[in-house]
Each structure stands twice: as C-alpha cells, then as structure tokens.
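K.L.:
The structure is given below, and queries will be raised subsequently.
Numbering (my numbering), first residue to last: 32 to 322.
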C-alpha cells in the first residue's frame, strides 16, 4: 500500500491535488467508490486507484492498510458527508494511520449554512481522535466562480447574489500546493488548522478583470436566488439544493471574507489572485484550441 492515501480525489479539489502529487512523484493511492470516479482518476494519471465505500468502514480499513497519512475531501453537498468522513477517521485509527488531513471549509461554525456545520462536526471528531491531524479550511474556489461566467450574447454574467459582496476567493492550485506540503511534511503540521483564503475582492471586480483579460465587454447582473443555476452536486436532492441556495443567500448578505496571511506563509509567496486564475484559464483554452 502507498504511504499516502487520498479520499475524494475525483472532484475539483481532489483532481488538482492528485495532479500535484503526480508532479511530485509521490507514493500515493486514491480511493474511489465508483467506476466513473476510478476512470476519471486513471485518466488524470493516478496509477493506484483503490475501490472503497465511505459507508463501509471495513473497505476503508483495507484501503488505509500500510498508509502513513490520509487526506480526506468530503463529497460536495452530500447530506451525510459528516458521517462518511467520520467513518474514514475511525478507519484510519483502526488501520494504524499516523496523520489525517481534513479538507474542510472556511468559517465552518456558521449556523445558517448546514453544509458548513456538517464539516464543523467532522473537525470536532478529528480533534478528539487518537490521530495526528491537520485541518485546512479553504474559501470559495476561484475556479467555481469563474465557471459561473457563462455569458449570453449580450455579454452578461448572471449571478444569484450581490455582485458587490466581498469574497476571499482561493485558487485550487494553491490549495493543492498546500495539501502536498502537508502530506509530505505532516509532522511539521500536526494539530494545525489553516484558513486558506485568497485576496478579498467583489464579483463585480472579477467580472471587470475577466473582461479585460478576454478583451470583451461584460456586465454583471443579479437575478433572484429562485432563478439561480445550481451546480450538479446541488441537483441530487431538495436538501442539497436548499444548502446551495443558503450559501448564495449568505454571500448576498454577508459576503465570504477571510485573511490570506496563513496561505501566503504556507506558500512562501503571495496567493494566486482571481485575475491570475482567469488569465491562466484563458491561456490554457487558447493553447488547447491551437493544438
């Protein structure tokens, strides 16, 4: 078995972490519960993909056997994500894992946001476990916001919250860089909780930056939350949809602000800005078209 095991590697954050681990030539395995997830991970370049079910601790114990560290990313907007990751924590304890890193969320103790509260529960269980642990708390991903920039012919960006609300957006690449650091230097990060937040900016500012990078005219328009286009993970159940709508409402009323100091210290540089993520996406798209 590999020294490192990643749980939840087929989502956005997990895929980026897997790519970074491949680039670092790390000894790692990735846990998948589905054929589609396993196929995606192999296409990404993961050589060791282990089938296990987060609802079945026995399969997790087998997947963790011989591993030193585990990095767990919960399934997005899953109504039982806390139970599933707690299963992974218990399995890690039983299989002799030394260190467990949990990919949580910034401001988990936000009662209005049930998806955050579920992560808060996991943090509490992990902190009281027998394991050495690290908790990372990323803000909203720049890539998620950029994905919302599907414009119609008039050049509008339509969002379900106030475009002037301030968001501390973070680059998935920066999160993965920190993840690799923790996995390969875990003893230096024992019992640490890291808020991973990028610079605080408004969506209106982001739209202006994207318009400049792409040399197009863009305007941003707020639509009622009831008209919001939900991400795929929020379409699986009414409760998941309600959690996503609550998140939009929170952004609308309060924004989602954080401090980028810890992330800068971990990276040894300034965090990647939204403008840099947008420019990189444009460059990658252009290169793909050229190929």
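Note that CB positions come from ideal geometry on N, CA and C, so glycine has one too.
1) Drop a sphere of 10 angstroms on the beta-carbon of residue 158, count the other beta-carbons inside from all chains shown, and report buried for 16 or more, exposed for fewer.
2) Just verifying my parser: in three-state terms, what is the DSSP assignment at residue 305?
3) Looking only at C-alpha atoms, which of 300, 253 and 293 sits nearest to residue 223?
4) Tell me the DSSP bridge mates of residue 168?
5) Specify whether the stretch 44–61 and the stretch 207–216 touch according to this definition: at least 3 beta carbon pairs, one from each stretch, less than 8 Å apart.
6) Counting only the same chain and skipping the five closest in sequence on each side, list residues whose C-beta sits under 6 Å from that of residue 258.
7) Would you report the Cα separation of residue 304 and residue 174, rounded to the nearest angstrom?
8) Could you pull the start and end residues of the alpha helix (DSSP H) that residue 141 belongs to?
9) When you compare the CB positions of residue 120 and residue 170, do they come within less than 8 Å of one another, or not?
10) Check whether the Cβ atoms of residue 196 and residue 233 sit closer than 8 Å, and answer yes or no.
11) Could you tell me which of 123, 165, 262 and 255 sits nearest to residue 134, measuring between CA atoms?
12) Quick check: what's the CA-CA separation for residue 34 versus residue 130?
13) When we look at the beta-carbon of residue 320 and count the other beta-carbons within 10 Å, is it buried (16 or more) or exposed?
14) Suppose only complete runs of 3+ residues qualify. What are the beta strand (DSSP E) ranges in the stretch 67–94, listed by chain order?
15) Just to confirm, is the Cβ distance from residue 251 to residue 194 under 8 Å?
16) For chain C, find out if any of its Cβ atoms is closer than 8 Å to the Cβ of residue 73; answer yes or no.
17) Among all the DSSP beta bridges, which residues are the ones paired with residue 198?
18) Hey, how far is the Cα of residue 317 from the Cα of residue 308?
19) Which term fits residue 322, buried or exposed, when burial requires 16 or more other beta carbons within 10 angstroms of its beta carbon?
20) So, with DSSP's three-state summary, where would you put residue 259?
21) If the criterion is Cβ atoms closer than 8 Å, does the pair residue 63 and residue 80 meet it?
22) Using the three-state DSSP reduction, which class does residue 47 fall into: helix, strand or coil?
23) With distances taken from CA atoms, which of 122, 150 and 253 is nearest residue 187?
P.N.:
Taking the geometry as given:
1) exposed
2) helix
3) Selection 300, 253 and 293 evaluated against residue 223 yields 293 as nearest (Cα-Cα).
4) 226
5) yes
6) Excluding positions up to five away in sequence, the list is empty.
7) If I take the Cα positions, the gap works out to 11 Å.
8) Where residue 141 is concerned, there is no enclosing alpha helix (DSSP H), given that its DSSP letter is neither H nor E.
9) no
10) yes
11) 165
12) 11 Å
13) Its pLDDT being 32, under 50, residue 320 is placed unreliably by the model, and the measurement read from it follows with that caveat. Exposed, since its Cβ has fewer than 16 Cβ neighbours within 10 Å.
14) 80–82
15) Yes.
16) In the structure shown, chain C cannot be found, because there is only a single protein chain.
17) 232 and 287
18) For residue 317, the predicted model reports a pLDDT of 44, less than 50, meaning its position is unreliable; a value from the coordinates is still stated below. Their Cα atoms are separated by approximately 14 Å.
19) Because residue 322 sits at a pLDDT of 37, beneath the cut-off of 50, its placement in the model cannot be relied upon, and the point is left open.
20) In this structure, residue 259 counts as coil in the three-state DSSP scheme.
21) yes
22) In the displayed model, residue 47 falls within a helix according to three-state DSSP.
23) 253
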